[in-house]
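130 is the number that numbering that gives the first Met the number 0 gives to position 131 of the sequence shown; each next residue is one higher, with no gaps. Backbone N, C-alpha and C fix where the C-beta goes; we use that ideal spot for every residue, glycine too. First comes the structure, then the notes that go with it.
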Amino acid sequence: MRQTPRDEARQARTGVYRQHILEAAERVFAERGFEAAKVQEISQLAGLSMGTIYAIFPSKQDLHRAILEVRGQELLDLARAVAARRLPPREALRALIEVYVDYFVAHPAFLRMHLRSGTSWAMSPSPGTDEQVEKWREIHELQAEVFRRGIAEGVFVKEDPGYLARMFTVTDQVLLSDWVAGGMKAGRAELVRRLGQFVERAFCRAREQRPRRSD
Numbered sequence: 000m001r002q003t004p005r006d007e008a009r010q011a012r013t014g015v016y017r018q019h020i021l022e023a024a025e026r027v028f029a030e031r032g033f034e035a036a037k038v039q040e041i042s043q044l045a046g047l048s049m050g051t052i053y054a055i056f057p058s059k060q061d062l063h064r065a066i067l068e069v070r071g072q073e074l075l076d077l078a079r080a081v082a083a084r085r086l087p088p089r090e091a092l093r094a095l096i097e098v099y100v101d102y103f104v105a106h107p108a109f110l111r112m113h114l115r116s117g118t119s120w121a122m123s124p125s126p127g128t129d130e131q132v133e134k135w136r137e138i139h140e141l142q143a144e145v146f147r148r149g150i151a152e153g154v155f156v157k158e159d160p161g162y163l164a165r166m167f168t169v170t171d172q173v174l175l176s177d178w179v180a181g182g183m184k185a186g187r188a189e190l191v192r193r194l195g196q197f198v199e200r201a202f203c204r205a206r207e208q209r210p211r212r213s214d
């Protein structure tokens, strides 16, 4: 059945409300944590009635889940975009560092909300929806593939690629946790530099240890 102009306008309005509510909820979850956060606070920050919020998101859990699914998809899209460039392994790892830092610097409320949950980024979401778990697995596999190629080329230390991918994810989490704890004062360039240097020391083989290419 073809939509009427009124239906299209209502759908567009709901989309705008949904985005506005998610942004407000993300900020409240970042400040208060999931358990302490109240939908009333989200309603006040969003400037929308409780009825409007519950019409789109039936519960606080639905709000929280929607944020994780939206942000998880955005992070997956970034990892896919890096993979599609088919960069050499060392450059691919650097590109992942840059896109992840850029993303979290641009979305500090989501970062703080995610850190407040106290879960390790190296583990698949638990509890989590099948969709969230699948997104995490694909991101993990895309990162593991970078390490797999780098190990084969003698660029990265010889270890299980999945293990190195998890270590890389944890390194991101620790650096960004430290950034938040320090008041988020360091700029993007400093974060990329610090993470890049640590990753270089932790995962890359010294140049003299790398196999020489035959002429």
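Using a Cβ distance threshold of 8 Å, A94 and R79 do not count as a contacting pair. By the C-beta criterion, the stretch 55-70 is judged to be in contact with the stretch 103-119, since at least 3 inter-stretch pairs fall below 8 Å. If one requires a minimum length of 4 residues, the alpha helix (DSSP H) runs lying completely within the stretch 130-201 are 160-180, in chain order. When the alpha-carbon of V154 is set against those of F33, P87 and L75, the nearest one is in P87.
In chain order, P88, A91 and L92 place their CB closer than 6 Å to the CB of V145, counting only its own chain and leaving out the 5 sequence neighbours on each side. Counting the other Cβ atoms within 10 Å of the Cβ of D129 gives fewer than 16, which makes it exposed.
Cβ atoms of V132 and S123 come within 8 Å of each other, at about 5 Å. Within the model, the alpha-carbon separation for H106 versus A205 is close to 35 Å. Annotated as proximal: A108 and A29, with beta-carbon spacing under 8 Å. Rounded to the nearest whole angstrom, the CA to CA distance from G46 to A35 is 20 Å.
With 16 or more neighbouring CB atoms inside 10 Å of its own CB, G71 falls in the buried class.
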